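Here is the structure we will look at, set down as C-alpha cells.
Residue numbers (the numbering used here), protein chains in the order written: chain A, 6 to 215; chain B, 9 to 361.
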C-alpha cells in the first residue's frame, strides 16, 4: 500500500533499530492489561514514545500528531488485549508498532479526504472500517455525563474495558455479578432514556439509511 | 414475519459479540425482518459505540494526564537538583566572600598589629639577626662592638626599631634608609608595610658608628656622608661578616674617652631596641622607655623626624642625637618624658667629637 506524500517504512527494518530495550516481558505486560492495570500503558508510552514519534515525524506528522497516535495506539492495544480471545502471536513491540502505523495511516486518510485529496482506491475506502459510520457518538458521551458515576463506570468497564460482571461488581461495591448485570442493564436503559429525551433520531445519525 | 421481540435474549448476546459469526449473521437477517427490533439493536449499538468512545477518551485522558505528571515530576526533580546545586553554589560563594572579608579583616588587623612597634615578630626577627650577628662577631677580630639590627615597618607611623649596642666611650648607633630591603625576608610574609631600614654604615673614624633612618613616606631626607662607608644588613647576613670600622682601628683607637670606653666595654651587652614614631600635631621629641625586652632597653622615640638617631653613653649618662640636636636620654622605666637638649658645653663637645 502506497500513499503519495507518505513514505512507507519497512517495519522489519525500522522496528529492530528503533525498538527500545524491553523492560518487561510481553506476557507480563499482557497480564497486567488483563488485570486492568492502566499504569502499564504509561510504561509502554515511555518505552515506545521515541519509536512511534519517529515514525510519525518521518511521515508528515508533528509533535501533536505523535502524541495523539501514541495515545490512540495504547488505547487500541488496551482494547484488543482485553478482548476475550486475544492472543499475542508476535512481539509486543511489533504489534504495537503495527497499530501505530495503521492508526497514523487512518489519520492521514481522514485528513486527505477532508482536503478532497483522495488518493485511496475505492476498494481501500470500502475496506476502511470507518467508512459509512457517520454517527454522532458525541451525543452518547454527552448523555453519559448525566449518568451517575457508578452507572458510567459500569458501562465503561463492561463495554470498553470488557471486564466481567464479577470484577465490575467488586469494583463498584455491588453484591454479586448478577447484581452488576442488572445494574448494567438499568444504567443502559437510563442512558437510552436520557438520549431519547434530549435528542431526536435525526440527531443520532449523521448519515441515516432510509 | 419475524417472531423476535425486544426481550429476546439473543439481542444481548449479539450486542455483546458473544455469538459465533454464523449465528450472528442468522440473527441479523432475522432481526432486520422486524424493523422495531432492528432499530432497537442499532440504537443499542450506537450507545455501546458511544460508551466505547467515551471509555477510549477517558483512557487517553488518563495517559495524557499521567504523562504530564511524569514530565512535571521529572521537571520538579530536576528543578530540585538545580535548586540544590544553585543553593550550594550561593553558599559556597557566600562562604568564600565571608572568608575573604574575614581574611582581609584579619590582614588589616595584622597590619595594625604590625604597626605596633612591640610586635613579637619584630622581636623574634631581631633575635634572629642578633644571633647571626653574634656568630659573626665571634669570627671577627674587631669584636668590640655590635652592629645594630634595624627593622621598621610602617610608612605612616614612620617607625624604625634599632638595636644599638654601646661599645665605646662614645658609641653611636644610627639608622639610615638609603636602601630598602628585607634582611630576614620576614616582612612580606607578615604583610607588613614594606618599611625596612637597610643600610648600615660604618664610620671610618675611630668611633664605631652605625647609621640608619626611617623612610618617611617615601621621602629620603638623608644625604650621603662621605666619611661613612656602607655595609648593608643583607650583605652582613649573607656573607657572615662582622661590622667593623673599615680602617681596622676599631674601638681601641678611640682613646680620647678611655674612661668611658672602659665602662662601656664592661657594658658591652647593653643594647637598645629603639622605635621611632610620630604623633600628628606634636613636634616635641619625647622618649618612652617601655622597659626591657630580651635584654634590650626598649625605647620609643616620639617625633624624632626623619633624621639620624645616635645614642651615646658618656660618663654614665646616656645621650641621644636626633639630626644635629643632642638630648639627654632619660632611662626611666615605663615613663614618657620630653627629650631635653644637652646644655653642658663640655658634654656637647665630647658628643660632637
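Using N, Cα and C, we set each Cβ at its ideal position, and we do this for glycine too.
Because the structure is a prediction, the values reported are computed rather than measured.
- Query: How many whole angstroms separate the CB atoms of residue 350(B) and residue 331(B), which I take to be in contact at a CB cut-off of 8 Å?
  - Reply: Contact flag wrong, Cβ pair sits at about 13 Å.
- Considering residue 100(A), what are the terminal residues of the beta strand (DSSP E) in which it resides? Here residue 100(A) belongs to no beta strand (DSSP E); instead the alpha helix (DSSP H) covers 97-120.
- Quick one: grab the DSSP three-state call for residue 288(B). Of the three classes helix, strand and coil, the one that applies to residue 288(B) here is coil, per DSSP.
- Any idea if residue 344(B) is buried or exposed, counting beta-carbon neighbours within 10 angstroms, 16 or more meaning buried? Exposed: under 16 other Cβ atoms inside 10 Å.
- Message: DSSP has residue 310(B) in a bridge; who is on the other side?
- Response: Paired residue(s): 285(B), 294(B).
- Beta-carbon contacts of residue 95(B) that lie in its chain and below 7 Å, excluding the five residues immediately before and after: For residue 95(B), where only same-chain residues beyond five positions count, there are no Cβ hits under 7 Å.
- Task: Confirm, please, whether the CB-CB distance from residue 305(B) to residue 1(B) is below 8 Å.
- Result: No answer is possible for residue 1(B): the residues shown for chain B start at 9 and end at 361.
- Message: Which same chain residues end up closer than 6 Å to residue 60(A) when comparing Cβ atoms and leaving out the 5 residues on each side of it in sequence?
- Response: So the list is empty, once near-sequence residues are dropped.
- On a CA-only basis, which of 209(A), 192(A), 106(A), 172(A) is nearest residue 70(A)? Give me that one, please. Answer by Cα proximity: 106(A).
- Query: Just how far apart, CA to CA, sit residue 183(A) and residue 109(A)?
  - Reply: A direct Cα-to-Cα measurement between residue 183(A) and residue 109(A) gives close to 41 Å.
- Item | N-terminal and C-terminal residue of the beta strand (DSSP E) that residue 320(B) is part of | Counting along the chain, the beta strand (DSSP E) containing residue 320(B) begins and ends at 317-322.
- Query: Going by the beta-carbon positions, is the gap between residue 97(A) and residue 161(A) smaller than 8 Å?
  - Reply: It is not a contact, given that the beta carbons lie outside the stated cut-off.
- Message: Does any residue of chain A have a CB that is nearer than 8 Å to the CB of residue 40(B)?
- Response: No Cβ of chain A is located within less than 8 Å of the beta carbon of residue 40(B).
- Since residue 342(B) and residue 297(B) are thought to touch, with beta carbons under 8 Å apart, how far apart are those beta carbons, to the nearest angstrom? That belief holds up - the Cβ atoms of residue 342(B) and residue 297(B) are roughly 7 Å apart, short of 8 Å.
- Query: Any idea what DSSP makes of residue 76(A), helix, strand or coil?
  - Reply: Helix, per DSSP.
- Message: Just to confirm the assignment, what range does the beta strand (DSSP E) spanning residue 149(A) have?
- Response: Not the beta strand (DSSP E): residue 149(A) falls in the alpha helix (DSSP H), residues 143-149.
- Query: What residues in its chain sit with their C-beta under 6 Å from that of residue 168(A), if we drop five residues either side in the sequence?
  - Reply: So the list reads 162, once near-sequence residues are dropped.
- Limits of the alpha helix (DSSP H) - the one that residue 334(B) falls within: It is not in any alpha helix (DSSP H) - residue 334(B) instead sits in the beta strand (DSSP E) that spans 333-336.
- Message: Using CA atoms only, rank isn't needed, just tell me which of 29(B), 66(B), 35(B) is closest to residue 4(A).
- Response: The question about residue 4(A) has no answer here: the residues shown for chain A are numbered 6 through 215.
- Item | Closer than 8 Å to chain A by CB, residue 21(B) | Interface with chain A (8 Å Cβ-Cβ cutoff): residue 21(B) is excluded.
- Can you tell me which of 80(A), 119(A), 154(A), 57(A) puts its alpha carbon nearest to the alpha carbon of residue 178(A)? The option with the nearest alpha carbon to residue 178(A) is 154(A).
- Meets three-Cβ-pair contact criterion under 8 Å: the segment 23-43 of chain B and the segment 38-46 of chain A: Cβ pair count under 8 Å is below three, so no.
- Query: For residue 87(A) versus residue 31(A), is the C-beta spacing smaller than 8 Å?
  - Reply: Going by C-beta atoms, residue 87(A) is not nearer than 8 Å to residue 31(A).
- Could you list the residues in the segment 45-60 of chain B with a C-beta less than 8 Å from some C-beta on chain A, going in chain order? Residues 51, 52, 54, 55, 56, 57, 58, 59, 60.
- Mind listing which residues of the segment 74-85 of chain A have their C-beta closer than 9 Å to chain B's C-betas, in chain order? Listed by position, the residues of the segment 74-85 of chain A near chain B (Cβ gap below 9 Å) are 75, 76, 77, 79, 80, 81, 83, 84.
- Per DSSP, residue 329(B) forms a beta bridge with which residues? Looking at the DSSP output, residue 329(B) shares a beta bridge with 318(B), 334(B).
- Can you name the residues of chain A whose CB is closer than 9 Å to the CB of residue 109(B)? For a Cβ distance threshold of 9 Å, nothing in chain A lies close to residue 109(B): the least Cβ distance comes to about 50 Å.
- Tell me whether the beta-carbon of residue 196(A) lies closer than 8 Å to the beta-carbon of residue 148(A). Cβ distance < 8 Å, so residue 196(A) and residue 148(A) count as in contact.
- Message: Give me, in chain order, the residues of the same chain whose beta-carbon lies closer than 6 Å to that of residue 164(B); leave out the 5 immediate sequence neighbours on both sides.
- Response: For residue 164(B), the predicted model reports a pLDDT of 43, less than 50, meaning its position is unreliable and no value from the coordinates is stated.
- Task: Using a cut-off of 9 Å between C-beta atoms, extract the partners of residue 193(A) located in chain B.
- Result: Going along chain B in sequence order, the residues near residue 193(A) (Cβ under 9 Å) are 52, 55, 56, 59.
- Item | Buried versus exposed call for residue 313(B) [16 or more other C-beta atoms within 10 Å across all chains shown] | Answer is buried; the Cβ neighbour count reaches 16.
- Query: Under a three-way DSSP split, which group does residue 12(B) fall into?
  - Reply: Residue state, collapsed to three classes: coil.
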